Every structure is written in structure tokens, then in C-alpha cells.
Amino acid sequence: MTECIECQKECAESELIHYGDVRVCFDCKETVVDKLKLGVPLGAGPWRLGRSTLVIPKGRNDLPRICLKCGAVATEELPLPGSTIKAPVCRLHFERARKTAWIRQLLAPLVVMICVVGVLVISPLRMVDSLLLQSALAFAGVAFVSVLFILDYAAKTVIRVIRTDEHNLYAANAGKDYLRSLERYPED
């Protein structure tokens, strides 16, 4: 059994394609050809694209066990939407992402309810004659919407997927120190 240089899957020698000194499984053939055209090292990654984007080859779940946000030892993994890749993060960033998602799920219906009550019920029917109460309801609606925006921003401070292509996943919000330690992506 020999290992594919790209996906590290163990395959019989007869199932591998030979490119010079390297062996590649059939599933990785197109990826390897594309990487060779771009001048990208085989089996490499992740890389940085520009100053703030993390490029992770699809199918790779062997990212270093350090938090992509702060560089601490990673004890948890966050699944990246739309892929099988799991981002290694420390306990703090894992809990932050979990709490933020939980609070957002609770607050979103509440904000919708306040908006519906305010627009459909209170304003047209003039059920509330008190200017003070109307102002309080308007302020509460604005406050809840503001909290949702803040939580949305907080959620985005955890690693998020910007886009994907055939071979890579592009993520934002990785820590600057982590990104600086990576090689530049060849398209950069």
C-alpha cells in the first residue's frame, strides 16, 4: 500500500497514477494537474490569500492543532459550512461560536415579533395613545435589531466560509498570526 501525496489515502500501487516521484490516486488527479499548472506544491495547504483570507484544500482535515483565531492549542473543532473541513479552535472560541449561534436563534423570532406587533398592530390601530409607550416600543425594536447586528458580527469573528471553488475553500476571520505563518497562495 502506498499513500496518495494529495489526500494521504492508502491505495494499492496499481491504483495510483505516477507523476515523476509522486503517486496520486485517481480521485486527486484533476486537483494535482491544476496545482501543477498553478505551481502549487502538491499536498500543500492551507495558504493565505491576501492579508486576511485562509485557503484550505477541500477534503483536508489535517490542519495543525492550533486555534485558527488565537494560536492557542486547539481542543475543539468547528465545522465549516458547506464542507467536510473542521476548523481547529480553542475552547474559548468554540464556546463563543456556540453561544452566539444559540442567542441568535432565540433573538431572531423575538425581533420579528416586535416588528410585526409594532407595524401591523400598534401603528395602524393607534392602540397605544401614550407617546412615551410608543417611544419605548420603538426603542425596544431598535435595541433588539442592534443586538442582532452585534451578534451577527460576533458570529463572523469566528471562522466563516466566504466562497468555495472546485478544489478549495476560502475562509475569513482567521487570526493574523496564524495567517502570517502560512505560505502565500500562488494566485495572490
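Per the working numbering, residue 3 is the first one in the sequence shown, and the count goes up by one each step.
Even glycine gets a Cβ: it sits at the ideal position worked out from N, Cα and C.
Remember, it's a predicted structure, so these values are computed and weren't measured experimentally.
Helix, strand or coil at residue i according to DSSP, with G and I counted as helix
i, result
"K101", "helix"
"R93", "helix"
"Y180", "helix"
"R165", "strand"
"M3", "coil"
"K11", "coil"
"R106", "helix"
"K39", "helix"
"I87", "coil"
Alpha carbon of residue i to alpha carbon of residue j, nearest angstrom
i, j, result
"H95", "G47", "23 Å"
"R98", "I161", "11 Å"
"D64", "R165", "20 Å"
"V76", "L112", "In the sequence under discussion, the amino acid at residue 76 is Ala, which differs from the Val named in the question. Roughly 35 Å separates the two Cα atoms."
"E17", "R106", "48 Å"
"S85", "K60", "7 Å"
"R191", "V149", "Outside the shown range of the chain (3 to 190) lies residue 191, about which nothing can therefore be said."
"G143", "W104", "20 Å"
"E32", "V24", "15 Å"
"L80", "I58", "14 Å"
"E5", "L44", "13 Å"
"V91", "A110", "26 Å"
"A145", "V26", "56 Å"
From the options, residue whose alpha carbon lies closest to that of residue i
i, options, result
"F151", "R165, E17, T102 and L82", "T102"
"A176", "V163, D167 and H169", "V163"
"I68", "W104, K88, N170 and E5", "K88"
"V170", "F146, T55 and G143", "As written in the sequence, residue 170 is Asn, which differs from the Val given in the question. It is T55."
Beta-carbon proximity of residue i to residue j, cut-off 7 Å
i, j, result
"C13", "C30", "no"
"R50", "L184", "yes"
"G52", "Y180", "no"
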